[in-house]
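Below is one structure, written out as structure tokens, with a few remarks after it.
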Amino acid sequence: VHIEDVKLFNDEWVITGTSGVVLVVCGTGSTMKSAQNQTYNRINNILIPNMYYRKDVGDRWHDDSDWLHNWGYLREV
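So that you can map any letter, position 52 of the sequence shown is 82 in my numbering, and since no number is skipped, the others follow by simple counting.
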């Protein structure tokens with residue numbers, strides 16, 4: 031979990047940036063499905079009023095994995 035455009039002000043976290051992004055949440059795993067599950071489990075433990083998030087994290091893996099390998103972001107295990 032990575033904190034983004036927020037700041038602690040008078041003992042309260044407030045959004046300070048223009049992107050509207052408060053947190054970036056990631057997961058890891060030996061499969062894409064396990065990484066997805068870890069990501070959503072982490073999201074389920076975050077309590078932010080009026081929070082919304084993407085519901086398609088990792089869904090494009092099967093379409094995009096070849097590109098990620100070709101660009102050097104992934105290596106064969």
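Positions of the beta carbon are idealized from the N, C-alpha and C atoms, including for glycine.
According to the neighbour-count rule (16 or more other Cβ atoms, all chains shown, within 10 Å of its Cβ), is T111 buried or exposed?
Since the first residue of the chain shown is 31 and the last is 107, residue 111 is not available in this structure.
DSSP beta-bridge partners for H32?
Within the sequence shown, numbered from 1, the residue matching residue 32 stands at position 2. BP columns for H32 point to V54.
If you draw a straight line from the alpha carbon of N71 to that of V31, how long is it in whole angstroms?
On the sequence shown, residue 71 is found 41 positions in, with the first residue counted as 1. On the sequence shown, residue 31 is found 1 positions in, with the first residue counted as 1. The alpha-carbon atoms of N71 and V31 are separated by roughly 12 Å.
From the DSSP output, read off the bridge partner residues of W110.
Any property of residue 110 remains undetermined from this structure, which presents the chain solely from 31 to 107.
I'd like the span of the alpha helix (DSSP H) that includes D100, first residue to last.
As a position in the sequence shown, residue 100 is number 70, starting the count at 1. Note on identity: in this sequence residue 100 is Asn, with Asp being the wrong assignment. Boundaries of the alpha helix (DSSP H) around N100: W91 to N100.
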